[in-house]
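**Q**
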Amino acid sequence: MSRAAPMFLVCACALIAACSQAPSRPDLGGRGRCDASALGWAVGKPLDEAAGRKLFKQSGAGLWRVVAPDNTFSNDQRDDRLNVRVDAANVVTGVDCG
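Under full-length UniProt numbering, the first residue of the sequence shown carries the number 1, and numbering increases by one thereafter.
1. Classify Leu-39 as helix, strand or coil using the three-state DSSP reduction.
2. If Leu-47 sits next to Asn-83, beta carbons under 8 Å apart, how far is it from one beta carbon to the other, in whole angstroms?
3. Taking buried to mean at least 16 other C-beta atoms within 10 Å of its own C-beta, is Val-43 buried or exposed?
4. Between Val-86, Leu-39, Arg-78, which lies nearest to Gly-57 when the distance is taken from Cα to Cα?
5. Under 8 Å by Cβ, that's how I've got Asp-80 and Gly-62 pegged, so tell me the actual separation to the nearest angstrom.
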């Protein structure tokens, strides 16, 4: 066996490994469709951890984000994401999906 054969085998394995797909991350995708119709109770209240968890659970969304005046965020629309809009004092000004 020549010295080139093992080197060829290593290169072939590296090439095959580089072409394989990474496993999907189920924890990153949304799990449900967002419905913010019953979340008006939060407007005017401070957003703390308990309120955030309650909003997330009641919305049925798989993802959520807080949109503050000084935040930068993408404009992509997702049916499974809850947007909690707050002012500079962290008081909820609106709740919507998208």
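Beta carbons are placed, not taken as given, at the ideal position from N, Cα and C, and that holds for glycine.
**A** Taking the definition as stated:
1. Within the sequence shown, numbered from 1, the residue matching residue 39 stands at position 39. Coil.
2. Within the sequence shown, residue 47 is the residue found at index 47, counting from 1. Within the sequence shown, residue 83 is the residue found at index 83, counting from 1. That belief does not hold up - the Cβ atoms of Leu-47 and Asn-83 are roughly 12 Å apart, past 8 Å.
3. Counting from one through the sequence shown, the residue named residue 43 turns up at place 43. Per the 10 Å Cβ criterion, exposed.
4. For the purposes of this step, residue 57 is taken as the residue at position 57 of the sequence shown. For clarity, residue 57 is Lys in the given sequence; the question names Gly instead. If we check each option's Cα against that of Lys-57, Leu-39 comes out closest.
5. The residue labelled residue 80 in the question sits at position 80 within the sequence shown. The residue labelled residue 62 in the question sits at position 62 within the sequence shown. Correct: roughly 4 Å between the Cβ atoms.
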